[in-house]
Amino acid sequence: QLSNHDDRELVNQIWENILLKVVEDCGDIDEHNKMTIALEKIKSLASSHPINSSTFDLEYVTTMLEYLNCNLGGDLESVYTTMLTIGAPIESLVAIYKKIYSTNDPRWQKTSELHVLEVIMSLARYYLQNVDLWPSGMQRRSIAVNLLDLLVICQNMLYSRFAHSPLIEGVIAIKNELDNIIKN
96 QLSNHDDREL VNQIWENILL KVVEDCGDID EHNKMTIALE KIKSLASSHP
146 INSSTFDLEY VTTMLEYLNC NLGGDLESVY TTMLTIGAPI ESLVAIYKKI
196 YSTNDPRWQK TSELHVLEVI MSLARYYLQN VDLWPSGMQR RSIAVNLLDL
246 LVICQNMLYS RFAHSPLIEG VIAIKNELDN IIKN
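Position 22 of the sequence shown, counting from 1, maps to 117 under my numbering, and the rest follow consecutively.
This is the structure we're talking about:
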């Protein structure tokens, strides 16, 4: 039970324990289904624990889910689409993914060091495909600018460490589309 707790570390530990228990209880089912079940659990709990309340740290839960998703080989879009479904603002998610990407957490090196970059690209593509969900021109530009800034960071890392990665072309293409939104 998380209700009325304002100890952030305790609440975050409870979320982590819930997620790990859900995955453990899945037993031998395939990893993709484990991730689906974990995300459904989050959706269920989010109805009684609103995002960014004292009992739901959006940044922590998103980071934990993304790490779990990386380990279980889930779909790139599964975490952020779940978070959007439960009401997380895309602006908050862009900031969270920027923080995840910028921290250079060694956990990503052990699993798939390009996972977060690929998720960021997927999030940017999602935004571009669904730009009409954000009716305000100012809001559209703001989101596009934040995504563009994040993709510049990603592109710089790719150039410095993976100079011949095919991901570079994908980042450039997405940046060009975002730039069009910013200019219009």
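In this text, a Cβ means the ideal position worked out from N, Cα and C, and glycines have one as well.
Could you have a look at residue i and say whether DSSP puts it in helix, strand or coil?
| i | result |
| --- | --- |
| K172 | First, the residue type needs correcting, since residue 172 is Glu and not Lys in the sequence shown. It is coil, neither helix nor strand. |
| N271 | helix |
| D244 | helix |
| A258 | coil |
| T180 | helix |
| E208 | coil |
| H127 | helix |
| S149 | coil |
| D102 | coil |
| W110 | helix |
| N164 | helix |
| W203 | helix |
| S237 | helix |
| C121 | coil |
| N251 | helix |
| T158 | helix |
| S217 | helix |
| S139 | helix |
| S231 | coil |
Would you say residue i and residue j are within 7 Å of each other, going by their C-beta atoms?
| i | j | result |
| --- | --- | --- |
| A141 | L114 | no |
| V214 | L242 | no |
| L246 | V226 | no |
| A190 | I146 | no |
| N166 | T206 | yes |
| M178 | L163 | no |
| K136 | V118 | no |
| I269 | A219 | yes |
| I195 | T158 | yes |
| E154 | V174 | no |
| C249 | L273 | no |
| E126 | G168 | yes |
Contact defined as beta carbons within less than 8 Å: I believe residue i pairs with residue j. What is the distance between those atoms, to the nearest angstrom?
| i | j | result |
| --- | --- | --- |
| I238 | Y254 | That belief does not hold up - the Cβ atoms of I238 and Y254 are roughly 25 Å apart, past 8 Å. |
| R235 | I263 | That belief does not hold up - the Cβ atoms of R235 and I263 are roughly 26 Å apart, past 8 Å. |
| T176 | K138 | Incorrect: roughly 11 Å between the Cβ atoms, too far for contact. |
| N107 | D152 | 6 Å |
For chain B, is any of its Cβ atoms less than 7 Å away from the one on residue i?
| i | result |
| --- | --- |
| L242 | The chain labelled as chain B is not found in the depicted structure, where only one protein chain is given. |
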